[in-house]
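Down below is the structure, laid out as structure tokens.
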Amino acid sequence: MAVLPILTTGTPVLHQRAARVDRVTNDIRALVADMTDTMHEAPGVGLAAPQVGVGLQIFVWRYESDEALHQGHVLNPRLILRGPWKGRFRGEPEEEGCLSIPGFRYPLARAHRARLVGTDLEGHPLDIAARGWLARIFQHEYDHLQGILYRDRLARKWRKEAEIDIAHSDFINTRDSWTPGEDGQESDFVTEFDGAEVDNAEVDNAEVDGAEVDGAEVDGAEVDGAELDELIDDGDNHVRENADPTVDDNSAGSGGPSGTPRDTQV
Ligand SMILES: [Zn+2]
1 MAVLPILTTG TPVLHQRAAR VDRVTNDIRA LVADMTDTMH EAPGVGLAAP
51 QVGVGLQIFV WRYESDEALH QGHVLNPRLI LRGPWKGRFR GEPEEEGCLS
101 IPGFRYPLAR AHRARLVGTD LEGHPLDIAA RGWLARIFQH EYDHLQGILY
151 RDRLARKWRK EAEIDIAHSD FINTRDSWTP GEDGQESDFV TEFDGAEVDN
201 AEVDNAEVDG AEVDGAEVDG AEVDGAELDE LIDDGDNHVR ENADPTVDDN
251 SAGSGGPSGT PRDTQV
């Protein structure tokens, strides 16, 4: 077991697009194992390779909903998103956090459904239809592989607040990384968290590089939303067994404003 240092925002590798994994080596296998250990120790529900200083398209997740435990890893993922939004990310904002911005939470609207496609360490294809918080985790981690942090997607009001908070964070400004266990847990960094106010109104998220923030542009052309709908709703067993229809934006508890902040960090 090895717990790796987690880089904090401002470190270049976090803000660059990650490279594809061409070949699975023992180093890659060890990296996935160490990333998983690091995520557990943080604790967090997801972790992407750039967060531990490796610019490769890999992320891991572990999220327990009321009904099921979802965990795994993916290499070279694609993500196909599905509403509700109108041509852009819109919907109910939920408080999100990031292990690379320790101690902070801000409301962010995400697509309610996401289909994750990629491969695992054995080269087996992966195809997971997710909803609610699992879909949010996939979007957050996929963004990491594009060099996008959730702070980049915040609606103007929250982004402004985040920039001020981060600029005044002694920890983030004096440390390039923190090591779970050695430096405590991510929740230890939360000093003033009192549950940020979350409007029920729809929130327009900030634009990130124009087209990239548009959900339809996130590999949407390869498999359109209609197909995802069918895969989820028509009883297709292969996809359905991976879906968690019980998870929705309101019932995923641990991520909501009244939830435990430590459970929401990715
Ligand atoms: Zn993150």
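Note that UniProt numbering has the sequence shown beginning at 1, numbered continuously upward. Here a beta-carbon is modelled for each residue, glycine too, at the ideal position from N, C-alpha and C. Computed from a predicted model, the values in this text were never measured in an experiment.
Cβ atoms of ARG17 and GLY147: under 7 Å apart, would you say? Indexing the sequence shown from 1 puts residue 147 at position 147. Indexing the sequence shown from 1 puts residue 17 at position 17. Cβ distance < 7 Å, so GLY147 and ARG17 count as in contact.
Excluding the 5 residues preceding and the 5 following THR36 in the sequence, name in chain order all residues of the same chain whose CB lies nearer than 6 Å to its CB. Translated into positions along the sequence shown, residue 36 becomes position 36. A distance below 6 Å between beta-carbons, with the five flanking residues on each side excluded, links THR36 to the following residues of its chain, in chain order: VAL60.
Per DSSP, what kind of secondary structure is GLY210 in: helix, strand or coil? Position 210 of the sequence shown holds residue 210. Its pLDDT being 36, under 50, GLY210 is placed unreliably by the model, and the measurement read from it follows with that caveat. DSSP, read as helix, strand or coil, puts GLY210 in helix.
Could you work out which residue in PRO50, ASP34, LEU134 and PRO107 is closest to LEU79 when comparing CA atoms only? Counted from its first residue, the sequence shown places residue 79 at position 79. Comparing Cα positions, the closest option is LEU134.
Is it the case that the Cβ atoms of ARG110 and ARG82 are separated by a distance below 7 Å? To locate residue 110, count along the sequence shown from 1; it is residue 110. To locate residue 82, count along the sequence shown from 1; it is residue 82. Contact: no.
Tell me which same chain residues have a C-beta within less than 6 Å of the C-beta of GLN265, skipping the five on either side of it? For the purposes of this step, residue 265 is identified with residue 265 of the sequence shown, where counting begins at 1. Short of 6 Å from the beta carbon of GLN265, and not among the five residues preceding or following it, lie these beta carbons of its own chain, in chain order: GLY44, GLY97, LEU99 and GLU186.
Where THR11 sits in the DSSP three-state scheme: As a first step, residue 11 must be located in the sequence shown, where it is residue number 11. Looking at THR11 - three-state DSSP - the assignment turns out to be coil, as it is neither helix nor strand.
According to the Cβ coordinates, are GLN51 and LEU145 closer than 7 Å? Within the sequence shown, the letter at position 51 stands for residue 51. Within the sequence shown, the letter at position 145 stands for residue 145. For GLN51 and LEU145, no; Cβs fall outside 7 Å.
When you compare each of HIS15, ILE101 and ALA2 to HIS168 by their alpha carbons, which one comes out closest? Here residue 168 is taken as the residue at index 168 of the sequence shown, counted from 1. The shortest Cα separation from HIS168 among HIS15, ILE101 and ALA2 belongs to ILE101.
Using the beta carbon as the reference atom, which residues fall closer than 5 Å to any heavy atom of ligand 1, ordered along the chain? Answer in sequence order: CYS98 and VAL266.
Do LEU4 and ASP34 have their C-beta atoms within less than 7 Å of each other? Within the sequence shown, residue 4 is the residue found at index 4, counting from 1. Within the sequence shown, residue 34 is the residue found at index 34, counting from 1. A contact, by the Cβ cut-off of 7 Å.
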